[in-house]
Amino acid sequence: MPSALSTEIRLAQRLVTLRQEKGWSLEKLADACAISRATLSRIERSETSPTASQLNQLCRVYGLTMSRLLSEVETPDNAHLSQEQQPLWQDKTSGFTRRNVSPPAAGFKAELIEGLLRSGAYIEYDQPPLPGIEQHIWMLAGVLLLTVEQRQWRLQAGDSLRFHLQGPGTFYAPDAEGAHYLLVVTR
Numbered sequence: 369m370p371s372a373l374s375t376e377i378r379l380a381q382r383l384v385t386l387r388q389e390k391g392w393s394l395e396k397l398a399d400a401c402a403i404s405r406a407t408l409s410r411i412e413r414s415e416t417s418p419t420a421s422q423l424n425q426l427c428r429v430y431g432l433t434m435s436r437l438l439s440e441v442e443t444p445d446n447a448h449l450s451q452e453q454q455p456l457w458q459d460k461t462s463g464f465t466r467r468n469v470s471p472p473a474a475g476f477k478a479e480l481i482e483g484l485l486r487s488g489a490y491i492e493y494d495q496p497p498l499p500g501i502e503q504h505i506w507m508l509a510g511v512l513l514l515t516v517e518q519r520q521w522r523l524q525a526g527d528s529l530r531f532h533l534q535g536p537g538t539f540y541a542p543d544a545e546g547a548h549y550l551l552v553v554t555r
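Residues 369 to 555 (this note's numbering) make up the sequence shown, in order.
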């Protein structure tokens, strides 16, 4: 698997390219995504890795799912990926690890993501990257308190939930075991 450092560098480079394709300055991007110009500059120079919430904000502005953005910085179009080739991204601040299980390929509408939240991890998204996106979550282990647009579910191993994401959402792993799940995102 590519090293975490090289993934972070490629992510930073892709974020610069996306901003430049829009013809935006850092100031304009900061206004659009509510992340400070200084933080955006550090992210684009790969001096810091974006948090899950910050990455969600950037994906919203660029009209991408987080999975799509992360797959763009990883392996080329390929129908098969070994586990070692599957892009792994970590938000050390929130305790979130995300693996893009689906091989990146044009023309497909669904993506499979493995999520792992350490105990006490809390992620808050103020809005989805693409409003109305369909998601299916299946719990593998632990407990996840999932809030979607002011509705809350307590999910545990074996539970599943399907929803369309229109507004804010939170993921919280309240138990010592954390939360381990699979998520299907359909555009």
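Just so it is clear, CB atoms sit at the ideal spot from N, CA and C, and this is done for glycine as well.
Under the three-state reduction of DSSP, which class applies to residue i: helix, strand or coil?
{"i": "Gln520", "result": "strand"}
{"i": "Ser421", "result": "helix"}
{"i": "Asp494", "result": "coil"}
{"i": "Asp399", "result": "helix"}
{"i": "Val469", "result": "coil"}
{"i": "Arg486", "result": "coil"}
{"i": "Gln451", "result": "helix"}
{"i": "Ala525", "result": "coil"}
{"i": "Arg382", "result": "helix"}
{"i": "Ala544", "result": "coil"}
{"i": "Leu432", "result": "coil"}
Considering only the beta carbon of each residue, do residue i and residue j sit closer than 8 Å?
{"i": "Thr465", "j": "Leu484", "result": "yes"}
{"i": "Leu533", "j": "Val516", "result": "yes"}
{"i": "Arg387", "j": "Leu379", "result": "no"}
{"i": "Asn468", "j": "Gln458", "result": "no"}
For residue i, which residues of its own chain have a beta-carbon under 6 Å away from its beta-carbon, when the five flanking residues on both sides are left out?
{"i": "Ser470", "result": "Glu479, Leu480"}
{"i": "Tyr490", "result": "Tyr540"}
Ordered along the chain, which non-local residues of its own chain (more than five positions away) have a Cβ less than 7 Å from that of residue i?
{"i": "Leu508", "result": "Ala525, His548, Tyr549, Leu550"}
{"i": "Ser506", "result": "Note that residue 506 corresponds to Trp in the displayed sequence, not to Ser. Correct list, in chain order: Ser528, Tyr549, Leu550."}
So, is residue i buried or exposed, given that buried needs 16 or more other C-beta atoms within 10 angstroms?
{"i": "Thr433", "result": "buried"}
{"i": "Ala420", "result": "buried"}
{"i": "Gln451", "result": "exposed"}
Between the Cα of residue i and those of the options, spot the shortest distance and give me the residue it belongs to.
{"i": "Ile411", "options": "Asn424, Cys427, Glu376", "result": "Glu376"}
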